[in-house]
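Residue numbers (my numbering): 7 to 292.
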């Protein structure tokens, strides 16, 4: 089988690390709302990929995470006057209602960020110890300038990425492109104990930690929507390769957007259709 590898921008013969086994990590949803059909597209695309590889005789270890603590979830919890756990629990259950309605196959493991805090802290500690990350008053940042290959997935030089970056007021990071690995607790936010004080993980680090824990240091395929190429997957590569000193993933696969009137479907634009609403009118096969 030949697949288009986002890293090389060309089709390549697929050769797994282990001739009998394929390890795939697919970025899953941030659970603060119902999934729309744009969210369902990567689920469908990589479910088909996984089923095809199994049909060809491979033992596929397929991991898909739930981001169950992040800014959007905390915002939704504060708006509704409930805990972030109640928000994420509700929308994970709603996710399964939709996923089962669309006949998606469950992953080998569906890890949650909050269940892997120790693994996340271990990766952050490794990066600090290796000189790739630094602590500023309880916030830990990754230093992008220390990783010479930063930008290799998105194919943009660091200077171009810097031009489009912004720095939040009150952030004390050394460089505009540095990103948060660990966030110091703010009032009203959930937090866990760490060597840097009470806080919570940044978004990118959770996937690096869970890939490492459930699949190992180098996996066959990492997948997700094309909107994740930068910064999410770019940052995952930087974290994982600096922590482990090994290639992170051999093949990168990204699905395209579902567009409405030539614009990406997204919750922020309000131009989306939820799977739940469509299933009222159409069969899941459709």
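Where is the CB? At the ideal position from N, CA and C, for every residue including glycine.
Small disclaimer: the values here were computed from a predicted structure and weren't measured.
Residue 178 burial status per 10 Å Cβ neighbour count (16 or more: buried):
Position 172 of the chain shown, counted from the first residue, corresponds to residue 178. Label assigned to residue 178: exposed.
If I measure Cβ to Cβ from residue 114 and keep anything under 7 Å in the same chain, skipping five residues before and after, which residues do I get?
Walking along the chain shown from the start, residue 114 turns up at place 108. Same-chain partners within the cutoff: 67, 68 and 69.
By the three-class DSSP mapping on this structure, what secondary structure does residue 236 have?
One-based indexing of the chain shown puts residue 236 at position 230. Here residue 236 sits in helix by DSSP.
With distance defined between alpha-carbon atoms, name the residue in 123, 40, 30 and 36 nearest to residue 54.
For the purposes of this step, residue 54 is taken as the residue at position 48 of the chain shown. Per the Cα distances, 30.
Quick one: what does DSSP say residue 82 is sitting in, helix, strand or coil?
Against the chain shown, residue 82 aligns to sequence position 76. Helix, per DSSP.
As a quick exercise: from 90, 158 and 135, pick the residue whose alpha carbon is nearest that of residue 258.
As a working mapping, residue 258 is identified with position 252 in the chain shown. Closest option to residue 258, Cα to Cα, is 158.
Measure the alpha-carbon distance for residue 140 versus residue 184 and round it to whole angstroms.
For this step, residue 140 is matched to residue 134 along the chain shown. For this step, residue 184 is matched to residue 178 along the chain shown. Rounded to whole angstroms, residue 140 to residue 184 spans 10 Å at the Cα level.
Run the CB neighbour count on residue 24, radius 10 Å, all protein chains shown included, and call it buried at 16 or more, exposed below.
Position 18 of the chain shown, counted from the first residue, corresponds to residue 24. Exposed, since its Cβ has fewer than 16 Cβ neighbours within 10 Å.
State whether the stretch 235 to 243 contacts the stretch 152 to 168, with contact taken as three or more CB pairs (one from each stretch) at a distance under 8 Å.
yes
Put residue 74 into one of helix, strand or coil per three-state DSSP.
Indexing the chain shown from 1 puts residue 74 at position 68. Looking at residue 74 - three-state DSSP - the assignment turns out to be coil, as it is neither helix nor strand.
Only counting the same chain, and skipping five residues up and downstream in sequence, which positions put a Cβ closer than 6 Å to that of residue 285?
In the chain shown, residue 285 corresponds to position 279, counting from 1. Around residue 285: 107.
Residue nearest to residue 186 in terms of C-alpha spacing, selected from 233, 225 and 127:
Walking along the chain shown from the start, residue 186 turns up at place 180. Cα-wise, what sits closest to residue 186 is 127.
Cβ atoms of residue 28 and residue 49: under 7 Å apart, would you say?
Numbered from 1 along the chain shown, position 43 holds the residue referred to as residue 49. Numbered from 1 along the chain shown, position 22 holds the residue referred to as residue 28. Not closer than 7 Å, so no.
With a floor of 4 residues, list each alpha helix (DSSP H) that falls wholly inside the stretch 146 to 219, ordered by position along the chain.
164 to 170
For residue 189, collect the residues of the same chain with a Cβ closer than 7 Å to its Cβ; drop the 5 residues on either side in sequence, then sort them by chain order.
Along the chain shown, one-based indexing puts residue 189 at 183. Same-chain partners within the cutoff: 145, 205, 206 and 208.
Here's a check: name, in chain order, each residue in its chain whose Cβ is nearer than 7 Å to the Cβ of residue 45, leaving out the five neighbours to either side.
If you number the chain shown from 1, residue 45 lands on position 39. Excluding positions up to five away in sequence, the list reads 35.
Figure out for me which residue from 104, 9, 219 and 249 has the closest Cα to the Cα of residue 283.
The count along the chain shown starts at 1 and reaches residue 283 at position 277. Closest by alpha carbon: 104.
Where does residue 227 fall in DSSP's three states?
The residue you call residue 227 lines up with position 221 of the chain shown. Strand at residue 227.
Report the partner residues of residue 287 according to the DSSP bridge assignment.
To locate residue 287, count along the chain shown from 1; it is residue 281. Beta-bridge pairing links residue 287 to no other residue.
Mapping the DSSP letters down to three states, classify residue 11 as helix, strand or coil.
Looking up residue 11 in the chain shown gives position 5. Strand at residue 11.
Taking the alpha-carbon positions, what's the residue 147 to residue 223 distance?
By one-based count along the chain shown, residue 147 stands at place 141. By one-based count along the chain shown, residue 223 stands at place 217. Roughly 22 Å between the two C-alpha positions.
Less than 7 Å between the beta carbons of residue 215 and residue 125, yes or no?
Here residue 215 refers to the residue found at position 209 when the chain shown is read from its first residue. Here residue 125 refers to the residue found at position 119 when the chain shown is read from its first residue. Going by C-beta atoms, residue 215 is nearer than 7 Å to residue 125.
What do you get for residue 244, buried or exposed, if any count of 16 or more other CB atoms within 10 angstroms of its CB means buried?
Translated into positions along the chain shown, residue 244 becomes position 238. It is buried - the Cβ of residue 244 has at least 16 other Cβ atoms within 10 Å.
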